[in-house]
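*Asks:* There's a structure below that I have some questions on.
In the numbering used here, the protein residues as written are 88 to 571.
Now the structure itself:
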């Protein structure tokens, strides 16, 4: 197989990467990691990346790559469990389990114009991916009303996806210094819905509604053609490697769309019902991502290579994604009926850290350990508290173990990552276990809510290095890597 055929095969593999992934956690800044070492070192690769994941982690490190390289992370089964206790009432437990795949990653690196100073790379991957779902129902006796029953239903879903495509270029100043930049184009979509139903009926005739409240709110938005840039520097000082990286906010979106669906039905009895509803399209007012800066160190202690990375994400002040004023009756009802719907968000400052250890067992195998933090950046606002609370998961700590194995011109990694997180929130935002006529039309309840998150990711990645293939070809007298 000649080089052209290899490039065609590589391109087919790259662009046929599976785009479907699922995750039971919220999309934190460091939820997803990419590439062989990015996964096993848990992101401690700002100064340590040696494959095509450099286009994302540190564009400056691309300048140290080979003539041609390929990185694929395409088979990473994930099992995750999100457990929420006391959210629907004292003693209630809601579990959300999922078996899916972590975000895939594909990148190609090459030297344009046969230059020894320049190196380019192209990448495509799911930067964020989240799919949270909760469904629950509570039925019981109304306190101090022995002839009445209450029924409480909750259904929640939030899905988020953000795809990045990038082109990076690095310049190798000398053997100890390289600088680079990557231009990314992003595609973001988000869909969130919450339906709560609370009813009181008579035991003798449960099909007749005495009091009832059905509330639904759903919104979605997407942006296309978002632009952001990542700058990187990779340096070597004696035995130590240093990496610096900075990522701009999204400074331009080519287009965007949004919409929302709301309904609020309150029944106070047979002759008293209040209905509010609307279903309409809207505009994306704005969508923001944070400034971030990162630092990486890589050095050796005896036989162990130590990798450290940290990244600081700047706060995003509260802003409106959707702010729309609309008449649900299209002006046909008497009087002014316009209503304003606002969806806001806010992200707090986050500082994540990662630590990785590499011990080489032989020329063809390396044992790798990794740890990282993955703090939740989202802030629960005062509006839509119930929906915002369900949209977030605890901050998470990751532990990974695995190996890196070399075979001919290929490099494989295999391992696993275990993640754990928990949080406790004061103030129960929904209480479906103690519905009475007095609190039927309220969200809040007394008590705290506990959430626990666990996940296991099985890691398998592949890297192809053309230089190794060429060296074997020369050793075999020009017969190719296999010597045929």
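Glycine included, every Cβ here is placed at the ideal spot set by N, Cα and C.
1) Roughly how far, in whole angstroms, is the beta-carbon of residue 283 from the beta-carbon of residue 314, given that I think they are within contact range, below 8 Å?
2) Given 8 Å as the limit, is there contact between the stretch 404-424 and the stretch 494-510, that is, 3 or more CB pairs closer than that?
3) Can you find at least 3 beta carbon pairs, one from the stretch 347-361 and one from the stretch 302-319, that sit closer than 8 Å?
4) Looking at the structure shown, is residue 451 part of a helix, part of a strand, or coil, going by DSSP?
5) So the candidates are 267, 361, 365; which of them puts its Cα closest to the Cα of residue 259?
6) Over the uninterrupted alpha helix (DSSP H) stretch that includes residue 406, give me the two end residues.
7) Return yes when the Cβ of residue 140 is within less than 8 Å of the Cβ of residue 215, no when it is not.
8) Here's the rule I'm using: 16 or more other beta-carbon atoms within 10 Å means buried, otherwise exposed. How should residue 481 be labelled?
9) Label residue 320 either buried or exposed according to how many other C-beta atoms from any shown protein chain fall within 10 Å of its C-beta, with 16 as the threshold for buried.
10) If you follow the alpha helix (DSSP H) that residue 144 is part of, which residue opens it and which one closes it?
11) Assuming residue 385 and residue 327 are in contact, meaning their beta carbons sit under 8 Å apart, how far apart are those beta carbons, in whole angstroms?
12) Can you say whether residue 388 is buried or exposed, counting buried as having 16 or more other CB atoms within 10 angstroms of its CB?
13) Counting only beta-carbon atoms, is residue 396 nearer than 8 Å to chain B?
14) Under 8 Å, do residue 287 and residue 361 count as touching if we go by C-beta distance?
15) For the alpha helix (DSSP H) that contains residue 126, what are its first and last residues?
16) Among 541, 498, 536, 525, which one has its Cα closest to the Cα of residue 548?
17) Indicate the three-state DSSP secondary structure (helix, strand or coil) for residue 479 in the structure shown.
18) Classify residue 151 as helix, strand or coil using the three-state DSSP reduction.
19) Alpha carbon to alpha carbon, what distance is there between residue 246 and residue 457?
20) Pick helix, strand or coil for residue 110, following the three-state DSSP scheme.
21) Going by alpha carbons, who is nearest to residue 270 out of 277, 256, 280, 281?
22) If we count the other Cβ atoms within 10 Å of its Cβ and call it buried at 16 or more, is residue 404 buried or exposed?
23) Specify, as a first and last residue, the run of the beta strand (DSSP E) that residue 232 falls within.
24) Specify the secondary structure class of residue 416 as computed by DSSP and reduced to three states.
25) Measuring alpha carbon to alpha carbon, tell me which residue in 453, 114, 363 is nearest residue 428.
26) Between which two residues does the beta strand (DSSP E) harbouring residue 170 extend?
27) Helix, strand or coil for residue 349? Go by DSSP, reduced to three states.
28) Would you say residue 375 and residue 399 are within 8 Å of each other, going by their C-beta atoms?
29) Using only the alpha-carbon positions, how far apart do residue 172 and residue 509 sit?
30) What does the alpha-carbon distance come out to for the pair residue 212 and residue 249?
31) Give the straight-line distance between the Cα atoms of residue 402 and residue 448, rounded to the nearest whole angstrom.
32) So what does residue 487 bridge to, in DSSP terms?
33) Name, in chain order, the residues that DSSP records as bridge partners for residue 427.
34) Confirm, please, whether the CB-CB distance from residue 253 to residue 210 is below 8 Å.
*Replies:* Once the coordinates are examined:
1) Not quite, the Cβ-Cβ distance comes to about 39 Å (not below 8 Å), so this is no contact.
2) no
3) yes
4) coil
5) 267
6) Note, residue 406: premise wrong, no alpha helix (DSSP H); beta strand (DSSP E) at 403-413.
7) no
8) Buried.
9) That one is buried.
10) 141-144
11) 7 Å
12) Exposed, since its Cβ has fewer than 16 Cβ neighbours within 10 Å.
13) The structure shown contains no chain B; it holds only a single protein chain.
14) no
15) First-last of the alpha helix (DSSP H) with residue 126: 123-127.
16) 498
17) coil
18) helix
19) Going by C-alpha positions, residue 457 is about 28 Å away from residue 246.
20) Here the model assigns residue 110 a pLDDT of 44, short of 50, so the residue's position is not dependable and the matter cannot be decided.
21) 256
22) By the 10 Å Cβ count, residue 404 comes out exposed.
23) For residue 232, the enclosing beta strand (DSSP E) covers residues 232-261.
24) coil
25) 363
26) 164-172
27) strand
28) no
29) 11 Å
30) 9 Å
31) Rounded to the nearest angstrom, the two C-alpha atoms are 43 Å apart.
32) 457, 504
33) According to DSSP, which records beta bridges pairwise, residue 427 is partnered with 412.
34) yes
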